[in-house]
Amino acid sequence: MSAVDDYLGELARHLRASPWRRRRILAEVRAHLEDAGSEGIDRFGPPDEVAARFNEVAPPHPRLAAVAVLVGVVAVFGFVQGLESHIPPAPWPEGEAPSRLDTLFSLATGCYLAAIVLAVAALVLRRAPVALAACAALGLTVLLLAVHAFRRADLVAGSPPAWQLALVTAAALTPPLVGAALAARRLS
Amino acid sequence: MRGEVLKGHLELLVLSALRSEAAHGYAIIKRLRERSGGEFDLLEGSIYPALHRLEDRGFVSSRWSTVEGRRRRVYALTRRGRRALAEQERDWERFTTAMRLVLGQA
Chain A
1 MSAVDDYLGE
11 LARHLRASPW
21 RRRRILAEVR
31 AHLEDAGSEG
41 IDRFGPPDEV
51 AARFNEVAPP
61 HPRLAAVAVL
71 VGVVAVFGFV
81 QGLESHIPPA
91 PWPEGEAPSR
101 LDTLFSLATG
111 CYLAAIVLAV
121 AALVLRRAPV
131 ALAACAALGL
141 TVLLLAVHAF
151 RRADLVAGSP
161 PAWQLALVTA
171 AALTPPLVGA
181 ALAARRLS
Chain B
1 MRGEVLKGHL
11 ELLVLSALRS
21 EAAHGYAIIK
31 RLRERSGGEF
41 DLLEGSIYPA
51 LHRLEDRGFV
61 SSRWSTVEGR
71 RRRVYALTRR
81 GRRALAEQER
91 DWERFTTAMR
101 LVLGQA
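Chains as they are written, first to last, in my numbering: chain A, 1 to 188; chain B, 1 to 106.
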């Protein structure tokens, strides 16, 4: 094994990065050390220090975040369908729900559609701010739907208990929160 | 001149080295050393994390390319990077002007 291989092995040991990123870093450093010749390793710096500098760079994962949001979009749809089949029918006539409930549901629908559009845009553009916006839109969707569900439960007898609604809300919030974490910093 | 003195200016130096044409990491280091008359003797391992950070911020783009028969990651300034370079150069001018005033060299 050459000195370059030894150095790269030591560097790899200290790197905290995704496999793809690790491969890229090692390939770049190898190319550099091969260019630099015999003094290259000394001039490059101790592998633990170099790895620490790479570890400070925290690239966002906008595409993974976008996928998390899209999973969340499907999950939210599933949760809403599931809830609707388990809640008692509303006592008010079709289309005559209390206006606050209608407004909440309309806002939630708008945020939901925005989350889908932003998630697709994040997939294409690979921009962390767009992915974060998608996460925010989906998170807001869940919160608005939760408020809607709690208010409706107050008005309709026989609705699921608050703890069940809170549990569903927490589960539905997981994908946008995971997505936000991915968009904001790297997975080690 | 190396280490801490250059660390704070690394971003500006790298962006500046890429102004005229795209380059890989080793070429950037050589360019900086030559242009500074050998004064800027960077710890070479610091350049690549700096390049990755600049790429994450959208200031440079990169792609694998074969240069002189070897596969290398080549970096180029983006439009956003050019704007950042212009802005950082203005900041640098203001800083050096202020330093000269303070030191009584103006």
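Think of the CB as a built atom: it goes at the ideal place given N, C-alpha and C, for glycine as much as any other residue.
Taking only beta-carbon atoms, is residue i less than 8 Å away from chain B?
i	result
residue 57/A	yes
residue 53/A	yes
residue 4/A	no
residue 100/A	no
residue 45/A	yes
residue 50/A	yes
residue 188/A	In this prediction, residue 188/A has a pLDDT of 34, which is less than 50 and means its spatial position is unreliable; what the coordinates show is noted afterwards. No, no contact with chain B.
Considering only DSSP beta bridges, list what residue i is partnered with.
i	result
residue 23/B	75/B
residue 64/B	73/B
Any beta carbon of chain A sitting closer than 8 Å to that of residue i?
i	result
residue 13/B	no
residue 8/B	no
residue 107/B	Residue 107/B is absent from the structure shown; chain B starts at 1 and stops at 106.
Tell me where the alpha helix (DSSP H) around residue i begins and ends.
i	result
residue 71/A	62-86
residue 54/B	47-56
residue 10/B	10-17
Against chain C, with Cβ distances strictly below 8 Å, would residue i count as a contact?
i	result
residue 105/A	Protein chains in the displayed structure are A and B, and chain C is not among them.
Selection of the region 19-39 of chain A by Cβ proximity to chain B, strictly under 8 Å | 24, 25, 27, 28, 29, 31, 32, 34, 35, 36
Listed in chain order, which residues of the region 69-92 of chain B have Cβ atoms closer than 7 Å to some Cβ of chain A?
-> 70, 71, 72, 73
Any alpha helix (DSSP H) of 4 or more consecutive residues that is wholly inside the region 108-166 of chain A = 128-155
Any residues in the region 33-63 of chain B with a beta carbon nearer than 7 Å to a beta carbon of chain A? Which ones, in chain order?
-> 43, 44, 45, 46, 48, 49, 52, 53, 56
What are the complete alpha helix (DSSP H) segments, minimum 4 residues, inside the region 11-46 of chain A?
-> For the region 11-46 of chain A, whole alpha helix (DSSP H) runs of length 4 or above, ordered along the chain, are 19-36, 40-44.
Proximal residues, the region 121-149 of chain A versus chain B, C-beta separation under 9 Å | 127, 128
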